[in-house]
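Asker:
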Amino acid sequence: MRISEKRSFWRVAQPYFTVFDGPLALIMFLLLSVGIVTLYSAGIDFPGRVEDQLRNILVAFVVMWVAAVIPPQTLMRFAVPVYTVGIALLVAVAAFGMVKKGARRWLNVGMVIQPSEVMKIAMPLMLAWFFQKREGMIRWHEYLVAAILLLIPVGLIAKQPDLGTALLVLAAGFYVIFLAGLSWKMLLGLVITVGASLPVVWSRLHDYQRERVMMLIDPTSDPLGKGFHIIQSTIAVGSGGIHGKGWLKGTQAHLEFIPERTTDFIFAVFSEEFGLIGNLVLMFLYLLLIGRGLYIAANAPSFFARLLAGAITLIFFTYAFVNMGMVSGILPVVGVPLPFMSYGGTALVTLGLGAGILMSIQRHRKLVQT
Numbered sequence: 000m001r002i003s004e005k006r007s008f009w010r011v012a013q014p015y016f017t018v019f020d021g022p023l024a025l026i027m028f029l030l031l032s033v034g035i036v037t038l039y040s041a042g043i044d045f046p047g048r049v050e051d052q053l054r055n056i057l058v059a060f061v062v063m064w065v066a067a068v069i070p071p072q073t074l075m076r077f078a079v080p081v082y083t084v085g086i087a088l089l090v091a092v093a094a095f096g097m098v099k100k101g102a103r104r105w106l107n108v109g110m111v112i113q114p115s116e117v118m119k120i121a122m123p124l125m126l127a128w129f130f131q132k133r134e135g136m137i138r139w140h141e142y143l144v145a146a147i148l149l150l151i152p153v154g155l156i157a158k159q160p161d162l163g164t165a166l167l168v169l170a171a172g173f174y175v176i177f178l179a180g181l182s183w184k185m186l187l188g189l190v191i192t193v194g195a196s197l198p199v200v201w202s203r204l205h206d207y208q209r210e211r212v213m214m215l216i217d218p219t220s221d222p223l224g225k226g227f228h229i230i231q232s233t234i235a236v237g238s239g240g241i242h243g244k245g246w247l248k249g250t251q252a253h254l255e256f257i258p259e260r261t262t263d264f265i266f267a268v269f270s271e272e273f274g275l276i277g278n279l280v281l282m283f284l285y286l287l288l289i290g291r292g293l294y295i296a297a298n299a300p301s302f303f304a305r306l307l308a309g310a311i312t313l314i315f316f317t318y319a320f321v322n323m324g325m326v327s328g329i330l331p332v333v334g335v336p337l338p339f340m341s342y343g344g345t346a347l348v349t350l351g352l353g354a355g356i357l358m359s360i361q362r363h364r365k366l367v368q369t
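The opening residue of the sequence shown carries number 0 in numbering that gives the first Met the number 0; numbering runs sequentially from there.
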């Protein structure tokens with residue numbers, strides 16, 4: 000009797016667990032585990048960070064589960080409403096948003112939210128819907144309309160100013176446009192146009208944004224000021240050597256030389272304590288994550304799902320590449336977290352939502368095949 004009760008319970012519970020894609024869930028679990036271990040060391044002087052991050056992981060898990068349950072066709076119906084609400088919230092931020100540290104990025108709607116985070120998923124969702132409706136008859140003016148849909152939120156986010164998020168949203172939208180079949184001739188023309196407009200873009204950057212670029216070129220020109228972040232993070236990365244100094248033994252982190260060591264610069268802490276070998280293992284995990292996402296995209300059951308899965312996977316790549324490049328001193332500091340490792344709830348929930356969408360696409364492909 001007990002055995003039958005156990006079996007009946009499993010039969011009831013099984014559908015709730017089988018929504019997850021096994022390989023993707025395993026890779027995420029390993030990255031989150033590495034992140035918690037590193038955060039414990041990085042946040043040893045910040046009591047409660049690990050506990051807070053565990054709660055963030057739980058919230059992200061719930062969001063991922065909900066997204067994994069929703070069929071791609073239902074997601075497609077949400078594309079226009081979510082994009083519209085996202086634009087409305089960005090306009091509201093520009094009009095009467097909260098100002099912190101000189102930036103107007105937040106909105107108080109009973110709780111403080113950052114609407115730009117919504118666009119990281121809403122943008123590829125909207126453009127994937129747009130191209131799905133025009134599958135098989137995409138012409139040059141469709142790409143122009145898609146570019147306008149993309150540049151509206153990017154412009155609103157850049158004005159806040161929030162260059163890091165604006166670049167991530169821009170990348171998310173561009174990936175969909177490229178995967179939809181953007182020709183190499185049009186891509187070359189776009190590159191030339193962007194290159195020609197760089198002087199104008201440079202003139203419109205805020206002073207602190209121009210300083211970040213200049214510090215990338217020569218951080219030693221202001222070693223105790225604007226160049227401090229890059230110099231200290233590169234010292235930490237290099238001082239780890241081959242094997243690293245060992246867990247909890249990173250001097251740059253524990254002597255407080257590494258800025259934002261639990262968030263944007265957590266990779267510097269990891270590199271110092273686990274060295275080159277640890278970095279190779281970490282990058283291998285990210286390659287597995289990206290490879291699994293691309294596999295899901297390649298086998299997606301519809302054009303919409305293929306574009307959305309491909310864009311989300313490349314967003315994961317962009318997060319990891321930009322963060323590691325920023326910490327290593329080969330890219331400007333733009334405030335991009337390391338996926339599934341950096342402390343913070345908003346970014347983790349966004350990543351969990353993206354992973355849930357990938358799982359939904361993979362799950363419903365199997366259902367279609369059966």
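Each residue gets a CB set at the ideal place from its N, CA and C atoms; glycine is no exception.
Bear in mind that the values here come from a model prediction, so they are computed numbers and not experimental data.
(1) Under the rule that 16 or more other beta-carbon atoms within 10 Å means buried, what is K132, buried or exposed?
(2) Given E210, which residues of its chain have a CB within under 6 Å of its CB, disregarding the five upstream and five downstream residues?
(3) Does the beta-carbon of I2 have 16 or more other beta-carbons within 10 angstroms, so that it is buried, or is it exposed?
(4) How many whole angstroms separate the CB atoms of T261 and G42, which I take to be in contact at a CB cut-off of 8 Å?
(5) Let me know the secondary structure DSSP gives T17 once reduced to three states.
(6) Let's see if you can read the secondary structure: which residues bound the alpha helix (DSSP H) around L106?
(7) Measuring straight from C-alpha to C-alpha, what distance separates R305 and T312?
(8) For the beta strand (DSSP E) that contains V98, what are its first and last residues?
(9) CB-CB under 7 Å to S341, same chain, minus the five flanking residues each way: which ones, in chain order?
(10) I241 by DSSP, collapsed to three states: which one?
(11) Distance check for A252 and R104, CA to CA, integer angstroms please.
(12) Do you know whose CA, among I295, I289 and A297, lies nearest F320's CA?
(13) Rounding to the nearest angstrom, what Cα-Cα distance links I69 and S301 in this structure?
(14) If distances are taken between C-alpha atoms only, which option among L254, A354, M213 and L38 comes closest to Q231?
(15) Report the rounded CA-to-CA distance for I191 versus K184, giving the unit in angstroms.
(16) According to DSSP, simplified to helix, strand and coil, what is I86?
(17) Which term fits L143, buried or exposed, when burial requires 16 or more other beta carbons within 10 angstroms of its beta carbon?
(18) Please give me, in chain order, every unbroken run of the alpha helix (DSSP H) with length at least 4 that falls completely inside the region 145–224.
(19) Based on the DSSP secondary-structure assignment, which residues constitute the bridge partners of I360?
(20) Does the beta-carbon distance from D161 to S115 come in below 7 Å?
(21) At which residues does the alpha helix (DSSP H) containing Q113 begin and terminate?
(22) Just the Cα atoms here: how many angstroms apart are T17 and G154?
(23) Mind checking R291: buried by the 16 CB within 10 Å criterion, or exposed?
(24) Keeping to the same chain, check which residues put their C-beta closer than 6 Å to that of M125; ignore five residues upstream and five downstream.
(25) Assign W246 to one of three DSSP states: helix, strand, or coil.
(26) Among L293, S220 and T250, which one has its Cα closest to the Cα of I234?
(27) Can you give me the Cβ contacts of V58 inside the same chain, cut-off strictly under 7 Å, excluding the 5 residues immediately before and after it?
(28) Ignoring anything shorter than 3 residues, give me the beta strand (DSSP E) runs that lie fully in the region 285–358, in order along the chain.
(29) Distance, Cα to Cα, G101 vs S196?
(30) Nearest by alpha-carbon distance to M75: which of L148, W128 and Y39 is it?
(31) Take G277 and list the residues in its own chain whose beta-carbon comes closer than 6 Å to its own, dropping the five residues that flank it on each side.
(32) Taking DSSP as the reference, what is the three-state secondary structure of I2?
(33) Contact defined as beta carbons within less than 8 Å: I believe A66 pairs with G355. What is the distance between those atoms, to the nearest angstrom?
(34) Return the residue from the list L30, E134, R48 and I151 that minimises the CA-CA distance to I86.
(35) Quick one: residues in its chain with C-beta nearer than 7 Å to the C-beta of N298, no 5 flanking neighbours on either side, listed in chain order?
Answerer: According to the structure shown:
(1) The residue you call residue 132 lines up with position 133 of the sequence shown. Burial call: exposed.
(2) Against the sequence shown, residue 210 aligns to sequence position 211. So the list reads K225, once near-sequence residues are dropped.
(3) By one-based count along the sequence shown, residue 2 stands at place 3. Below a pLDDT of 50, predicted positions are generally treated as unreliable, and I2, at 49, falls in that range; no measurement from the model is reported.
(4) Numbered from 1 along the sequence shown, position 262 holds the residue referred to as residue 261. Numbered from 1 along the sequence shown, position 43 holds the residue referred to as residue 42. With a Cβ gap of about 5 Å, T261 and G42 count as contacting.
(5) Stepping through the sequence shown from its first residue, residue 17 is reached at position 18. Coil, per DSSP.
(6) In the sequence shown, the residue the question calls residue 106 occupies position 107. That residue, L106, is in no alpha helix (DSSP H); its beta strand (DSSP E) goes A102 to N107.
(7) Taking the first residue of the sequence shown as position 1, residue 305 is located at position 306. Taking the first residue of the sequence shown as position 1, residue 312 is located at position 313. When rounded, the separation of the alpha-carbon atoms in R305 and T312 is 11 Å.
(8) To locate residue 98, count along the sequence shown from 1; it is residue 99. Where V98 is concerned, the enclosing beta strand (DSSP E) stretches over M97 to K99.
(9) Looking up residue 341 in the sequence shown gives position 342. Annotation for S341: T262, D263 and I265 place their beta carbon closer than 7 Å to its own, counting only its chain and skipping 5 residues before and after.
(10) Within the sequence shown, residue 241 is the residue found at index 242, counting from 1. In the structure shown, I241 sits in coil (DSSP, three-state: anything other than H, G, I, E or B).
(11) Your numbering for residue 104 matches position 105 in the sequence shown. Your numbering for residue 252 matches position 253 in the sequence shown. Between R104 and A252, the C-alpha separation is close to 29 Å.
(12) One-based indexing of the sequence shown puts residue 320 at position 321. Among I295, I289 and A297, the Cα nearest to that of F320 belongs to I289.
(13) For the purposes of this step, residue 69 is taken as residue 70 along the sequence shown, with counting starting at 1. For the purposes of this step, residue 301 is taken as residue 302 along the sequence shown, with counting starting at 1. Going by C-alpha positions, I69 is about 15 Å away from S301.
(14) Looking up residue 231 in the sequence shown gives position 232. Ranked by how close their Cα comes to the Cα of Q231, the residues L254, A354, M213 and L38 have L254 in first place.
(15) Here residue 191 refers to the residue found at position 192 when the sequence shown is read from its first residue. Here residue 184 refers to the residue found at position 185 when the sequence shown is read from its first residue. Near 11 Å, if we compare the C-alpha coordinates of K184 and I191.
(16) Here residue 86 corresponds to residue number 87 of the sequence shown, with the count starting at 1. Helix, per DSSP.
(17) Within the sequence shown, residue 143 is the residue found at index 144, counting from 1. L143 comes out exposed.
(18) Fully enclosed alpha helix (DSSP H) runs of 4 or longer: 162–178, 183–203 and 206–216.
(19) As a position in the sequence shown, residue 360 is number 361, starting the count at 1. Partner residues in a beta bridge of I360, as assigned by DSSP, do not exist.
(20) Residue numbering aside, residue 161 sits at position 162 when the sequence shown is read from its first letter. Residue numbering aside, residue 115 sits at position 116 when the sequence shown is read from its first letter. Inclusion of D161 and S115 in the CB contact set at 7 Å is warranted, their separation being smaller than that value.
(21) As a working mapping, residue 113 is identified with position 114 in the sequence shown. For Q113, there is no enclosing alpha helix (DSSP H), as DSSP marks it with neither H nor E.
(22) Sequence index remark: in the sequence shown, residue 17 carries index 18 (1-based). Sequence index remark: in the sequence shown, residue 154 carries index 155 (1-based). Just so you know, the alpha carbons of T17 and G154 end up roughly 40 Å apart.
(23) On the sequence shown, residue 291 is found 292 positions in, with the first residue counted as 1. Only buried fits R291, as 16 or more other CB atoms lie within 10 angstroms of its CB.
(24) In the sequence shown, counting from the first residue as 1, residue 125 sits at position 126. A78 and Y82.
(25) Stepping through the sequence shown from its first residue, residue 246 is reached at position 247. Coil at W246, not helix or strand.
(26) Within the sequence shown, residue 234 is the residue found at index 235, counting from 1. Of the candidates L293, S220 and T250, the one whose C-alpha sits nearest the C-alpha of I234 is T250.
(27) By one-based count along the sequence shown, residue 58 stands at place 59. Same-chain partners within the cutoff: G344 and V348.
(28) Within the region 285–358, no complete beta strand (DSSP E) run reaches 3 residues.
(29) The count along the sequence shown starts at 1 and reaches residue 101 at position 102. The count along the sequence shown starts at 1 and reaches residue 196 at position 197. In a straight line, the C-alpha of G101 is about 27 Å away from that of S196.
(30) Indexing the sequence shown from 1 puts residue 75 at position 76. In this structure, W128 is the residue among L148, W128 and Y39 with its C-alpha nearest to the C-alpha of M75.
(31) Working through the sequence shown from its first residue, we reach residue 277 at position 278. Here the set comprises G243.
(32) Along the sequence shown, one-based indexing puts residue 2 at 3. Its pLDDT being 49, under 50, I2 is placed unreliably in this model, and the coordinates cannot settle the point.
(33) Residue 66 sits at position 67 when you count from the first residue of the sequence shown. Residue 355 sits at position 356 when you count from the first residue of the sequence shown. With a Cβ gap of about 3 Å, A66 and G355 count as contacting.
(34) Working through the sequence shown from its first residue, we reach residue 86 at position 87. Among L30, E134, R48 and I151, the Cα nearest to that of I86 is on I151.
(35) Mapped onto the sequence shown, residue 298 falls at position 299. For N298, same chain residues with a beta-carbon under 7 Å away, outside a window of 5 residues either side, are R364 in chain order.
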